[in-house]
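Chemist: What follows is a structure written as C-alpha cells; I'll ask about it next.
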Amino acid sequence: MRSLVPVKIDLQQSRDWPLRARAVVFEDLMDQYEKVEKIGEGTYGVVYKARDRLTNETIALKKIRLEQEDEGVPSTAIREISLLKEMQHSNIVRLQDVVHSEKRIYLVFEYLDLDLKKHMDSCPELAKDPRLIKVVTLWYRAPEILLGSRNYSTPVDVWSVGCIFAEMANQRPLFPGDSEIDELFKIFRILGTPNEEIWPGVTSLPDFKSAFPKWLPKDLTTVVPNLEAAGIDLLSKMLHLDPSKRITARQALDHDYFKDLGLMP
Numbered sequence: 001m002r003s004l005v006p007v008k009i010d011l012q013q014s015r016d017w018p019l020r021a022r023a024v025v026f027e028d029l030m031d032q033y034e035k036v037e038k039i040g041e042g043t044y045g046v047v048y049k050a051r052d053r054l055t056n057e058t059i060a061l062k063k064i065r066l067e068q069e070d071e072g073v074p075s076t077a078i079r080e081i082s083l084l085k086e087m088q089h090s091n092i093v094r095l096q097d098v099v100h101s102e103k104r105i106y107l108v109f110e111y112l113d114l115d116l117k118k119h120m121d122s123c124p125e126l127a128k129d130p131r132l133i134k135v136v137t138l139w140y141r142a143p144e145i146l147l148g149s150r151n152y153s154t155p156v157d158v159w160s161v162g163c164i165f166a167e168m169a170n171q172r173p174l175f176p177g178d179s180e181i182d183e184l185f186k187i188f189r190i191l192g193t194p195n196e197e198i199w200p201g202v203t204s205l206p207d208f209k210s211a212f213p214k215w216l217p218k219d220l221t222t223v224v225p226n227l228e229a230a231g232i233d234l235l236s237k238m239l240h241l242d243p244s245k246r247i248t249a250r251q252a253l254d255h256d257y258f259k260d261l262g263l264m265p
C-alpha cells in the first residue's frame, strides 16, 4: 500500500484555485507545521493551534476529514475555501494556505486568540453544561420563537444580529435573560409589550399571555447611547417585534448607517 503524499496549494500564486493552482509535493506536512494543541473539534474535522516552522508564526490548522466522503472533497469545504480566498478583509480571518492529501485537507489560517463562541462563553468545553448553552442562546432569540411560533424564517437571524449590534455598541448584552419568560420580559421592557395593533396575530401565538405586563417602549437612544441617529434607526428596524416588518439583511446592508464606511482592502 502506497503512502500518502500531501499536496500543498499556494493560494498566493493563484486567484483561481483550483484551476490555476501551483501544486508543490512535499513529504511530510509536519516538516513545516508543528501542532501545538487541539483547540476545537466538530463533525467534519479538528482545529489545531500550530506553528509554521519556516516563519515561526502561530497559525490555526483546520483538518477536514475525507475518509467517509465518497465523492472526494465535500462541497462545504470547496465553498469555504473559495469564499475565504476571495474575501480579503481585516475583519475576516485570513486563509493562508491549503494542503491536500488523499484522506484529508488542511486549511491554514491566521491564528486568532478569541472567537465568537469563546467571547460568548459558549466554547465547546462548556457544551456539556446545558444551562450555559441555553442562557447564551436565549439572549439572541427572536420574540416569535419565544412566544412559540412554529412558522419563522430569516427574520429571526436579523433579530440576533440586531442584538449583537447593540451589544457591540454597549459592550454588554442587550437582553441577558436567564429563562424564556425573563428573556421576553427584558425585551418587552425595552421595546414595549406587543399587541394586535403593533404585531397582528401576536395574541394567537401559543405562549402569548393576556396577563403579560403592559410595558411602553423606551427611547432607544437612551438604551444604546453610543449609536448615532443612523445606527439607532437601523437597530430599531432590526429589532422590530413583528417579524414581517423587520428589515431584511439586504435592506440592512443598504442602510444609511453603512454609507460612509467604504470598502477596506
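Each residue of the sequence shown is one higher than the one before, starting from 1 at the first, in full-length UniProt numbering. Ideal Cβ positions, reconstructed from N, Cα and C, are used throughout, including at glycine.
1) Helix, strand or coil for E80? Go by DSSP, reduced to three states.
2) Tell me which residue opens and which closes the alpha helix (DSSP H) that L138 is part of.
3) Less than 9 Å between the beta carbons of L191 and K209, yes or no?
4) Given 8 Å as the limit, is there contact between the stretch 146 to 160 and the stretch 218 to 233, that is, 3 or more CB pairs closer than that?
5) Could you name the residues that DSSP lists as bridge partners for D52?
6) When the cut-off is 9 Å and only beta carbons count, does D182 lie next to chain B?
7) Would you mind working out which of V202, K62 and N170 sits nearest V47, comparing C-alpha positions?
8) Helix, strand or coil for E180, going by three-state DSSP, please let me know.
9) Using only the alpha-carbon positions, how far apart do I9 and K38 sit?
10) Looking only at its chain, what residues have a beta carbon closer than 6 Å to the beta carbon of E180, apart from the 5 residues adjacent to it on each side?
Modeler: Taking the definition as stated:
1) helix
2) P130 to L138
3) no
4) no
5) Y33
6) Among the chains in the structure shown there is no chain B, since it carries only a single protein chain.
7) K62
8) helix
9) Since pLDDT at I9 reaches only 45, below the 50 mark, its modelled position is unreliable, and the value read off the structure follows with that caveat. Their backbone Cα atoms lie some 23 Å apart in a straight line.
10) L146
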